[in-house]
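S.K.: Under my numbering, think of the first position of the sequence shown as 730, with each following residue one higher.
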Amino acid sequence: MNVTALLMLAQPREGANGAIVFLVQMVLFFLILYWLFIRPQRKEQERFKAMVEAIKKGDEVVTTGGVIGTVVHVADDRLTIKSGESRLVIERARIGRILGKDSAEAASGT
């Protein structure tokens, strides 16, 4: 036997076992990725959607642009807010937070 044949016999063989181990590792990686990043983001989106749908007349809100105002009219996808002497029509999705509810939740610790 020559040296080349011995070197080929000495190399570890990867067959189906190596592929299965790799597949299991990738599945575990994506499960961990889902639990750490995707699931919490979906919960936050659901919480935000519920908050925006619960806006009613008289709520004090802050828009994503930083405008603070009081809701004076509610439509399906738009709100009219009064800020100072101005009235602004904005989309519901552009609400950053509701002032009264956030401060009450922060005080109670939830």
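The C-beta atom is built at its ideal place from N, Cα and C for all residues, glycine as well.
Under three-state DSSP, which class holds Lys785?
M.R.: The residue you call residue 785 lines up with position 56 of the sequence shown. Taken through DSSP and simplified to helix, strand or coil, Lys785 comes out as coil.
S.K.: Below 8 Å between beta carbons: does that hold for Arg821 and Val781?
M.R.: Taking the sequence shown and counting its residues from 1, one reaches residue 821 at position 92. Taking the sequence shown and counting its residues from 1, one reaches residue 781 at position 52. Yes, the Cβ-Cβ distance between Arg821 and Val781 is below 8 Å.
S.K.: Give me the Cβ distance between Gly798 and Ile784, rounded to the nearest whole Å; I'm assuming they're in contact under 8 Å.
M.R.: Against the sequence shown, residue 798 aligns to sequence position 69. Against the sequence shown, residue 784 aligns to sequence position 55. Beta-carbon to beta-carbon, Gly798 and Ile784 are separated by about 12 Å, too far to satisfy the 8 Å threshold.
S.K.: Between the Cα of Leu828 and the Cα atoms of Asp805, Val791, Ile819, which residue gives the shortest distance?
M.R.: In the sequence shown, the residue the question calls residue 828 occupies position 99. Nearest option by C-alpha distance: Val791.
S.K.: Starting from Leu765, trace the beta strand (DSSP E) in both directions and tell me its first and last residue.
M.R.: For this step, residue 765 is matched to residue 36 along the sequence shown. That residue, Leu765, is in no beta strand (DSSP E); it is neither H nor E in DSSP.
S.K.: For Val753, count the other beta carbons within 10 Å of its own beta carbon; 16 or more makes it buried, fewer makes it exposed. Which is it?
M.R.: Against the sequence shown, residue 753 aligns to sequence position 24. The residue is exposed, with fewer than 16 neighbouring Cβ atoms inside 10 Å.
S.K.: Could you give the DSSP three-state label for Ala835: helix, strand or coil?
M.R.: Here residue 835 is taken as the residue at index 106 of the sequence shown, counted from 1. Any reading at Ala835 is ruled out, since the residue's pLDDT is 41, under 50, leaving its predicted position unreliable.
S.K.: Nearest to Arg823 by alpha carbon, out of Gly795, Phe766, Ser815?
M.R.: Along the sequence shown, read from residue 1 onward, the residue named residue 823 stands at position 94. That would be Gly795, whose Cα lies nearest to the Cα of Arg823.
S.K.: In the DSSP output, what is Lys811 paired with across the bridge?
M.R.: Locating residue 811 in the sequence shown gives position 82, counting from the first residue. According to DSSP, which records beta bridges pairwise, Lys811 is partnered with Thr799, Arg816.
S.K.: Out of curiosity, what's the CA-to-CA distance linking Leu765 and Leu757?
M.R.: The residue you call residue 765 lines up with position 36 of the sequence shown. The residue you call residue 757 lines up with position 28 of the sequence shown. Straight-line Cα distance between these residues: approximately 12 Å.
S.K.: Between which two residues does the beta strand (DSSP E) harbouring Arg823 extend?
M.R.: If you number the sequence shown from 1, residue 823 lands on position 94. Per DSSP, Arg823 belongs to no beta strand (DSSP E) and is neither H nor E.
S.K.: Is the separation between the beta-carbon of Arg816 and that of Val801 shorter than 8 Å?
M.R.: As a working note, residue 816 is residue 87 in the sequence shown. As a working note, residue 801 is residue 72 in the sequence shown. It is a contact, given that the beta carbons lie within the stated cut-off.
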